[in-house]
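Numbering (the numbering used here), first residue to last: 18 to 295. For reference, the structure discussed in these notes is given below.
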C-alpha cells in the first residue's frame, strides 16, 4: 500500500480498494477515521462499498502508518483538511464523496464547508456536535490517564461508551489493540485542539447532500441534540440506529454501510477520474 508526501512534514499512508468494473467511470469515496485509529477502522465497510465505488482510506496526520506528530505539534483543523485535499489532488480526483466517523466527522464537515465544489456527498457516523464546552476537562483527564496507563488501557476503559453494551468481547479487544498502535505523542497532542474546534459556522456552508448517523444512547449527544445541529445543514437527513454506542460506524458497521450505499445511490454524481498516481 502506498504513501505520498502531502506536506513538508508529512508522508501520508493510504489504502485504495477498487473492485468496480474497470471500463466504468466509478466515483471515489474518501473515508476518514477517528482519534487513535487508522484506515483499518473501515474494514467492515469496504466489502459493501468497493464493488460500486473506488475507496481511498488514508491514515490521518499522526495516526496509523502516516508520520507521527510530536507532542508539541501545533494541531490545527484546517491543516488536517488541507492534508486530505492534497492527497486527493495527488490522486487526480477532483470530486469525491466523504464518509467519516468520530473526530473524522469534524474534519469532514470542515472539508465540505471549505471545498463545496469538491465534495459530492457527506456521511458522518457517530461524530461529535459542532461545539462542546466540556472538551477541555475531558481531554485533560484523558491525557493524564494515557500518560500514566497508556493508550490501550484508556481505550479499554472507555470502550463501553464507544462500542456499546452489545459488542462482543473479542471485538472490544481488537479495537483496543488497534488504538494502542497509535503514537502516544499524536494522541496527546491532538486530543484537545481538534475536538475543541468550533465548527458551528460551517454547517450552513455544507451544500452537498449529507447523511448523519447516530444512536439513541450515544454519549456524543441525544437524538434531539444531534438533530438540532444536523438540521442546520441544508440538504441533510438523520438516521438513528438502535443502541447505546457513539462509534456507530464500528458497532453498526453493516447497517451503516448499507444505509450509506442506499444514500449514495440516491445522490449519483457525474462519474469520476479513473487514473491514480501511485
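Quick reminder that beta carbons are idealized off the backbone N, C-alpha and C, glycines included. Since the model is a prediction, treat every value here as computed from it, not as a measurement.
Relative to the C-alpha of residue i, which residue among the options is closest?
i: residue 251; options: 240, 124 and 133; result: 133
i: residue 192; options: 200, 201 and 180; result: 180
i: residue 200; options: 217, 164, 223 and 213; result: 164
i: residue 43; options: 284, 139 and 35; result: 35
i: residue 225; options: 108, 70 and 283; result: 283
i: residue 99; options: 109, 125, 246 and 184; result: 125
i: residue 71; options: 153, 108 and 103; result: 108
i: residue 80; options: 178, 57 and 245; result: 57
On the CB-based measure, 16 or more other CB atoms within 10 Å of its CB, does residue i come out buried or exposed?
i: residue 22; result: exposed
i: residue 295; result: With a pLDDT of 35 at residue 295, under the threshold of 50, the predicted position of this residue should be treated as unreliable, though the coordinate-derived value follows. Under this definition residue 295 is an exposed residue.
i: residue 292; result: Because the pLDDT at residue 292 is just 39, under 50, the model does not fix this residue reliably, and the point stays unresolved.
i: residue 157; result: exposed
i: residue 139; result: buried
i: residue 28; result: exposed
i: residue 40; result: exposed
i: residue 122; result: buried
i: residue 217; result: exposed
i: residue 111; result: exposed
i: residue 87; result: exposed
i: residue 32; result: buried
i: residue 91; result: exposed
i: residue 137; result: buried
i: residue 287; result: With a pLDDT of only 36 at residue 287, under the threshold of 50, the placement of this residue in the model should not be trusted; the figure read from the coordinates follows. Exposed.
i: residue 289; result: Residue confidence is low: residue 289 scores 39 on pLDDT, short of 50, so the model does not pin down where it sits. Its coordinate-derived value is still stated next. Buried, since its Cβ has 16 or more Cβ neighbours within 10 Å.
i: residue 262; result: buried
I think residue i touches residue j, with their Cβ atoms under 8 Å apart; what is that distance to the nearest whole Å?
i: residue 168; j: residue 186; result: In fact, because the Cβ distance is near 19 Å, the residues do not count as touching under 8 Å.
i: residue 230; j: residue 273; result: 6 Å
i: residue 61; j: residue 215; result: Not really, about 32 Å apart at Cβ, beyond 8 Å.
i: residue 129; j: residue 266; result: With a Cβ gap of about 17 Å, residue 129 and residue 266 do not count as contacting.
With a threshold of 8 Å between beta carbons, is residue i in contact with chain D?
i: residue 53; result: Going by chain labels, chain D is absent from the structure shown, which holds only one protein chain.
Any chance the segment 194 to 213 sits against the segment 241 to 260, with 3 or more Cβ pairs inside 8 Å? Flag = no, the segment 194 to 213 and the segment 241 to 260 do not touch.
Touching by the beta-carbon criterion (3+ pairs, under 8 Å), the segment 53 to 65 and the segment 86 to 96: At 8 Å Cβ cutoff, the stretches do not touch.
In chain order, what are the residue ranges of uninterrupted beta strand (DSSP E) at least 3 long that sit wholly in the segment 82 to 131? Complete beta strand (DSSP E) runs here, min 3: 113 to 118.
Touching by the beta-carbon criterion (3+ pairs, under 8 Å), the segment 235 to 252 and the segment 142 to 156: With a cut-off of 8 Å, the segment 142 to 156 and the segment 235 to 252 count as touching, because enough Cβ pairs lie within range.
Would you call the segment 109 to 121 and the segment 46 to 58 touching, i.e. three or more CB-CB distances under 8 Å? Yes, since at least three Cβ pairs between the segment 109 to 121 and the segment 46 to 58 fall closer than 8 Å, the two stretches touch.
Where are the beta strand (DSSP E) runs, 3 residues long or more, that stay fully inside the segment 61 to 85, in chain order? DSSP runs (the beta strand (DSSP E)) wholly in the segment 61 to 85: 71 to 75.
List in chain order: all unbroken alpha helix (DSSP H) runs of 4+ residues lying wholly within the segment 162 to 193. Here the runs fully enclosed are 168 to 174 and 176 to 180.
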